[in-house]
Amino acid sequence: MLRPLLAAAVLVLSAAPATAEVVARTADSFTLRYAVGAEVAPEDIGPSLTDLPKWWDSAHTYSGSAANLSLDLTPGGCWCEKLADGTEFDHGRTVSVAPDGFVFSAPFGPLRGKTTKAELTVTWPGANRGWTPTWTMVVEGPGTGAMADGVDAVMGAGYQRWLHYLESAEAPSV
């Protein structure tokens, strides 16, 4: 009796999508990872990322509006926010672009000025449209380990909003 229940539990757990998690944490660093298998085309990943106004949460902007965000996916390109008065915020920079991923220097929000490294890597391992869009964020800097849960909450919600947009081409509901 126990063996069939155990086998069923293993099957259910292995079929469940991967979830967001704090992969590692020390007093001065943390690593976050978000990965969910999805029916997406790899060529849609870059364009969906650059469409920040459609999926980024306006509550996590300086201006209160995701419509003011832009992302340039060329190396050195800016993950920026422009306010009505002309003020511009540089939230991050595109570090590298490869056929299978993007790397951003991304000291978003409260990480700005507190990190020696804040790197967001976006990859999509898989094949035949059974891809796993993945975000991995590595943060290093004095005392940053204490920020892991807060950053995880914001980035995890951002990943979920982006994944919804990537899969459906519809903006997530607020």
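Residue numbers are given in my numbering: position 63 of the sequence shown equals residue 253, and the series is strictly consecutive. We treat Cβ as the ideally placed atom computed from N, Cα and C, and that holds for glycine.
Can you tell me which of the options puts its alpha carbon nearest to the alpha carbon of residue i?
i, options, result
"W269", "A296, V213, R223 and A249", "A296"
"W246", "R351, W314 and E357", "R351"
"E233", "F298, R215 and P315", "P315"
"G299", "D262, G340, T313 and A288", "G340"
"E357", "T221, T216, I235 and R215", "I235"
"A288", "T313, V344 and S248", "T313"
"L301", "G276, D290, V344 and S286", "V344"
Short check: CB of residue i to CB of residue j, under 7 Å?
i, j, result
"A359", "V212", "no"
"Y355", "S238", "yes"
"V226", "W321", "no"
"R223", "T311", "no"
"G282", "F292", "no"
"G267", "T284", "yes"
"E271", "L259", "yes"
"K244", "A361", "yes"
"A228", "T221", "no"
From the DSSP output, in three-state form, read off residue i for me.
i, result
"W246", "coil"
"L261", "strand"
"E357", "helix"
"R302", "coil"
"V285", "strand"
"W325", "strand"
"W352", "helix"
"L239", "helix"
"V230", "coil"
"A347", "helix"
"A225", "strand"
"L273", "coil"
From the beta carbon of residue i, is the nearest beta carbon of chain D less than 7 Å away?
i, result
"D339", "Of the protein chains in the structure, only one exists, and it is not chain D."
What's the call for residue i, buried or exposed, on a 16-neighbour Cβ count within 10 Å?
i, result
"A274", "exposed"
"E278", "exposed"
"Y349", "buried"
"V329", "buried"
"T264", "exposed"
"P323", "buried"
"A256", "buried"
"D280", "exposed"
"T251", "buried"
"D342", "buried"
Worksheet item: Does the region 327-337 come close enough to the region 305-318 that 3 or more CB-CB pairs lie under 8 Å?
Response: Touching, yes, given that three or more Cβ pairs across the two stretches are closer than 8 Å.
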